[in-house]
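So the first sequence is residues 21 to 229, counted in my numbering.
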Amino acid sequence: MFKKLPRSFYLRPTLTVAKDLLGKYFCRRIDRQLLIGKIVEVEAYLGETDPASHAYRGQTIRNEVMFWEGGHLYVYFTYGMHFCANVVTEEKGKGRAILLRAVEPIKGIKLMCRNRGFTTDGTPARRSPPLRTAGGDYRMLANGPAKLCDAFGIKKAQNGTDLLGDEIYIANGETIPESKIISTIRIGVKNGSDKKWRFYIEGNRWVST
DNA sequence: TAGTTGATCGTCT
DNA sequence: GACGATCAACTAA
């Protein structure tokens with residue numbers, strides 16, 4: 021339990037890593053605070069062979085990190101206001117990665133609330149009201165790729181972070197049996213929408229809608 | 001409750 | 001110059 025995953029974990033085929041990531045613990049250290057979330061939903065993006073991938077048209081300044089060796093964090097900015105975090109997989113030059121779509125908050129929930137109630141530079145979000153916790157749970161904390169980044173304080177500065185370091189890493193957790201893993205088409209994707217490369221844990225209430 | 005839209009900007013065409 | 005691996009407020013019914 022809570023053992024940092026080795027480099028070799030990330031160097032395997034992307035679809036295998038994607039399914040294995042379910043149930044693992046995503047850990048983020050901010051100053052002395054440790055934030056932990058259990059990974060419950062991911063999407064795989066298979067580089068040059070996948071029209072939905074940022075890496076489809078080859079390497080650019082933006083997607084450079086996708087082509088690094090597996091086990092790094094690829095963070096990108098989208099829709100003028102959101103960040104999304106990906107785990108780079110396989111060997112250097114492949115351009116393959118896995119988008120983290122949702123986690124179940126385990127530790128550091130108070131700090132996550134604070135992170136979500138404010139924009140990334142610390143000023144109050146103009147449109148978004150204080151974080152609402154409807155029904156007394158914290159489902160809205162990290163049940164979406166951009167929300168997850170917000171809650172965990174991940175922004176452009178974290179692009180390229182080595183997941184074998186201490187700032188951000190993924191730790192061993194439970195192994196989800198194949199029968200509990202649901203695969204569907206990916207969300208918000210136009211090209212390559214026939215590929216069922218979104219994986220989530222069956223019945224888990226923290227999965228995005 | 002389903003469908004629409006505003007916010008907002010780096011990146012690629 | 002257009003648009004996106006998004007989110008949530010708002011509108012209509």
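Even for Gly, the Cβ is constructed at its ideal location relative to N, Cα and C.
Suppose contacts are defined by Cβ-Cβ distances below 9 Å. Is residue i in contact with residue j by that definition?
i           : j           : result
residue 189 : residue 39  : no
residue 173 : residue 58  : no
residue 107 : residue 219 : no
residue 64  : residue 34  : yes
residue 49  : residue 41  : no
residue 53  : residue 131 : yes
residue 115 : residue 83  : yes
residue 31  : residue 68  : no
residue 176 : residue 103 : yes
residue 96  : residue 179 : yes
residue 111 : residue 226 : no
residue 37  : residue 46  : no
Tell me which same chain residues have a C-beta within less than 8 Å of the C-beta of residue i, skipping the five on either side of it?
i           : result
residue 214 : 205
residue 184 : 24, 26, 27 and 91
residue 126 : 45, 56, 57 and 58
Specify, as a first and last residue, the run of the alpha helix (DSSP H) that residue i falls within.
i           : result
residue 137 : 129-137
residue 37  : 34-41
residue 73  : Run containing residue 73: none; DSSP gives neither H nor E here.
residue 30  : 27-30
residue 175 : That residue, residue 175, is in no alpha helix (DSSP H); it is neither H nor E in DSSP.
Could you check if residue i is buried or exposed, using at least 16 other CB atoms within 10 Å of its CB as the buried criterion?
i           : result
residue 81  : exposed
residue 73  : buried
residue 195 : exposed
residue 22  : exposed
residue 181 : buried
residue 128 : buried
Let's see if you can read the secondary structure: which residues bound the beta strand (DSSP E) around residue i?
i           : result
residue 189 : 188-191
residue 93  : 93-98
residue 106 : 102-109
residue 64  : 53-66
residue 49  : 45-50
Leaving out the 5 sequence neighbours to the left and right, which residues in its chain are closer than 7 Å to residue i when beta-carbon positions are compared?
i           : result
residue 117 : 65, 86, 94, 106, 107, 108 and 109
residue 71  : 211 and 212
residue 228 : 61, 121, 122, 163 and 164
residue 200 : 221 and 222
residue 76  : 68 and 70
residue 186 : 49
Please list, in chain order, all residues of the same chain as residue i whose beta carbon is under 6 Å from its beta carbon, the five residues on each side excluded.
i           : result
residue 216 : 203, 204 and 205
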